[in-house]
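Before any comments, here is the structure.
There are 2 protein chains.
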Amino acid sequence: MSDATTSPLRHDPPALKEVQVSCSKCNLRELCMPVRLREDELDVLDRLIANRKRVPRGKPLFSNGDKFGAIYAIRSGTFKTRINTADGRDQVTGFHISGEIVGLDGMGGEQHACDAMALEDSEVCVIPYDRLEELSRECTTLQQHFHRLMSREIVRDHGVMLLLGSMRAEERLAAFLLNLVTRMRARGFSGSELVLRMTREEIGSYLGLKLETVSRTFSKFAEEGLISVNQRHIRIEQPEKLRQMVGTHA
Amino acid sequence: MSDATTSPLRHDPPALKEVQVSCSKCNLRELCMPVRLREDELDVLDRLIANRKRVPRGKPLFSNGDKFGAIYAIRSGTFKTRINTADGRDQVTGFHISGEIVGLDGMGGEQHACDAMALEDSEVCVIPYDRLEELSRECTTLQQHFHRLMSREIVRDHGVMLLLGSMRAEERLAAFLLNLVTRMRARGFSGSELVLRMTREEIGSYLGLKLETVSRTFSKFAEEGLISVNQRHIRIEQPEKLRQMVGTHA
DNA sequence: CGTCGTTTTGAGTGGTCTCAAGACGTGTGG
DNA sequence: CCACACGTCTTGAGACCACTCAAAACGACG
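Line by line, the protein sequences give chains S and B. If you're matching positions, the first sequence starts at 1 in the UniProt record's numbering and goes up one per residue. If you're matching positions, the second sequence starts at 1 in the UniProt record's numbering and goes up one per residue.
What follows is the structure, given as structure tokens:
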């Protein structure tokens, strides 16, 4: 396995100049824009992105209440999305990595309904909503693709509801790890190792658990040999047992 | 009612009695289609609906795995949507009443990702997806409206995640009752009385609780005078206290 | 070296679940 | 009409899982 992931998060790319933005040449295109275009539609993708934007670790890409104007394709890095209520309750609604889209919750509304914060230095492609609207009318495949994106987000959320509504702590954490490692593998990373960009508390918020419970469950998994834990480095030792844990209604 | 306004190009077999379908004259329009249309767009809405469909209590409108072809505006009645896994886990993902849209989870995909079952005899308006696509390209306001619908569904789901992830049993049930009564009031029903169309078990599945806990919590609310419970008849006696319960992070 | 945020681990509490029994309303057949 | 079955709902007692409170270890960083 590659040891590219062992270097602590200091992989700042070489001074990224404001290069010309081109979806059609982006190596992430198959993840965020798997759109089959005809010859005469090839330029549509490149007209979609306005520019790129860097977001340093700990900074918001957008916040609850911000005027909605665009959605964002993550080019590199990791984000968490979160809602919070007036009384201090808050809930992490998702972790998002390269090739995924954030901001759909504000689409068509007046303002964003959640925060999106970078968990490491990150970069996104800005997709202005009005441009998306316009190009969707011109290009059926793009229109369909965005409907699919929104629909998948809904289905994903329903999956989280299933997790929160019916799983116990161990099952939730197992499902979380398997989900994350699967998405990382689809991006060329190891299928058995991963580096968590989020704290135990953020994991807990996402999974409806307290941070102590998350920590204890990690320890238990490690004791049982299911995973190895070294700070935020996790190695999946027995993926089959984890899958079994999620897929077997106790 | 005359059906002079229905499209002449309808060749659907008249399985059910083909009632005249007309959004522009529907009294629910402001709920499910609050779209501001120009003079020349007024016919768009009426071209949107293919037909209506009745669904008897206990029968599915669509099921997980069914080929996706349309979304549905609920004209009357109540539905629950539910996902279920191979191992017997299942989760009610929502209760839906008149003026609301179901089926968005399958939009743009190949097949529906959940079940939708009628909790009482109900009727829906069928909105074929290809027609929606086509009309969305012609009519910007319609396009925006459907983006808004999908986005709101996502935001709604995030709210449920907050509930499931951070609230205790009493808070969940209070939030559930307040949400439901608010939606009913928007439809002209009482703002303080409601008839539950779902069982305790279905409520529990939605709220991530066991049916016994739901029952106990109803009883507790009744003891404290917050509500009156008579089978599935609920009267909200002290809405302010319920709101306080939800809005005060313990 | 000290501070800070994060993580781990322990001990005890408490909320929800599990298992169980009985009550209630409804529909069915005798 | 009753008797009965059935699904639903209520209520109780005990178990268990996750939470709370607390303390200490750890790594990062100045």
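Think of the CB as a built atom: it goes at the ideal place given N, C-alpha and C, for glycine as much as any other residue.
Check residue i in the structure and name its three-state DSSP category.
i: S/Met161; result: helix
i: B/Ile203; result: helix
i: B/Met184; result: helix
i: B/Arg82; result: strand
i: B/Phe68; result: coil
i: S/His233; result: strand
i: S/Glu224; result: coil
i: S/Leu9; result: Note that S/Leu9 scores 37 on pLDDT, short of 50, meaning its location in the model is unreliable and no value can be drawn from it.
i: B/Val214; result: helix
i: B/Arg156; result: helix
i: B/Arg168; result: coil
i: B/Asp3; result: Bear in mind that a pLDDT of 43 at B/Asp3, under 50, signals an unreliable position, so the number given afterwards is only what the model happens to contain. Coil at B/Asp3, not helix or strand.
i: B/Ser24; result: helix
i: S/Ser76; result: strand
Which bits of chain S does residue i rub up against, with CB to CB less than 9 Å?
i: B/Met107; result: His147, Arg148, Met150, Ser151 and Ile154
i: B/Arg137; result: Ser136, Arg137, Glu138, Thr140 and Gln143
Quick check on the DSSP output: the beta strand (DSSP E) that includes residue i runs from which residue to which?
i: S/Gln91; result: Asp90 to Ile97
i: S/Ala118; result: Asp115 to Ala118
i: S/Glu193; result: Glu193 to Val195
i: B/Pro60; result: Pro60 to Phe62
i: S/Glu110; result: Taken as a continuous stretch (DSSP letters only), S/Glu110 belongs to no beta strand (DSSP E), as it is neither H nor E.
i: S/Val126; result: Ser122 to Pro128
Identify the contact partners of residue i in chain S, using a Cβ-Cβ distance below 8 Å as the criterion.
i: B/Leu164; result: Met161, Leu164, Gly165 and Gly208
i: B/Leu37; result: Correct list: empty, because the minimum Cβ distance to chain S is about 16 Å.
i: B/Gln144; result: Gly108 and Glu133
i: B/Ser63; result: By Cβ distance, chain S contributes nothing, its closest Cβ being about 15 Å from B/Ser63, past 8 Å.
Can you list the residues of chain B that residue i reaches, using a CB-CB cut of under 8 Å?
i: S/Thr217; result: Chain B residues near S/Thr217: none, gap ~16 Å exceeds 8 Å.
i: S/Thr199; result: Under the 8 Å cutoff, chain B gives no residues; its nearest Cβ is about 16 Å from S/Thr199.
Among the candidates the options, whose CA atom is the shortest distance from the CA of residue i?
i: B/Glu224; options: B/Glu170, B/Asn179, B/His249 and B/Thr140; result: B/Glu170
i: B/Leu65; options: B/His158, B/Met107 and B/Arg29; result: The displayed chain sequence assigns Gly, not Leu, to residue 65 of chain B. Nearest option by C-alpha distance: B/Met107.
i: B/Gly204; options: S/Ile74, S/Glu133 and S/Gly165; result: S/Gly165
i: S/Ala118; options: S/Gln111, S/Val92, S/Ser136 and S/Glu133; result: S/Val92
i: S/Leu194; options: S/Thr213, S/Phe176, S/Gly208 and S/Pro128; result: S/Phe176
i: residue 284 of chain B; options: B/Gly159, B/Glu123 and B/Arg148; result: Residue 284 of chain B lies beyond the residue range present for chain B, which begins at 1 and ends at 250; the question has no answer from this structure.
i: residue 284 of chain B; options: B/Arg187, B/Glu110 and B/Arg57; result: For chain B, the structure presents residues 1 to 250; residue 284 of chain B sits outside this window and is missing.
i: B/Gly88; options: S/Ile154, S/Phe218, S/Met167 and S/Gly188; result: S/Met167
i: S/Leu163; options: S/Ser22, S/Ser63 and S/His249; result: S/His249
i: B/Tyr206; options: S/Leu132, S/His158 and S/Phe79; result: S/His158
i: B/Val126; options: B/Gly103, B/Leu209 and B/Thr140; result: B/Gly103
i: B/Ser63; options: B/Asp115, B/Ser98 and B/Ile97; result: B/Asp115
i: S/Arg75; options: S/Gly94, S/Asp105 and S/Cys32; result: S/Cys32
Starting from residue i and walking both ways along the alpha helix (DSSP H), at which residues does that stretch end?
i: residue 330 of chain S; result: With chain S covering only 1 through 250, there is no way to say anything about residue 330 of chain S.
i: B/Lys53; result: Taken as a continuous stretch (DSSP letters only), B/Lys53 belongs to no alpha helix (DSSP H), being part of the beta strand (DSSP E) at Asn51 to Val55.
i: S/Cys32; result: Arg29 to Cys32
i: S/Glu39; result: Where S/Glu39 is concerned, there is no enclosing alpha helix (DSSP H), given that its DSSP letter is neither H nor E.
i: S/Met245; result: Pro239 to Gly247
Mind pulling the chain B residues with CB within less than 9 Å of residue i?
i: S/Asp115; result: Going along chain B, no residue has its Cβ under 9 Å from S/Asp115, so there is no contact; the nearest lies around 11 Å.
i: S/Ser205; result: Gly165 and Ser166
Applying the criterion that 16 or more other CB atoms from any shown protein chain within 10 Å of the CB defines a buried residue, is residue i buried or exposed?
i: S/Asp130; result: exposed
i: B/Arg197; result: buried
i: B/Thr81; result: buried
i: B/Glu240; result: exposed
i: B/Asn230; result: exposed
i: B/Gly58; result: exposed
i: S/Glu39; result: exposed
i: S/Glu202; result: buried
i: S/Gln244; result: exposed
i: B/Arg36; result: exposed
i: B/Gly191; result: exposed
i: residue 255 of chain B; result: No answer is possible for residue 255 of chain B: the residues shown for chain B start at 1 and end at 250.
i: B/Arg187; result: exposed
i: B/Asn51; result: buried
i: B/Ser24; result: exposed
Note down, in chain order, every chain B residue with its Cβ under 7 Å from the Cβ of residue i.
i: S/Thr93; result: His158 and Met161
i: S/His249; result: Asp87, Gly88 and Arg89
i: S/Ile83; result: His158 and Leu162
i: S/Leu104; result: Ser151 and Ile154
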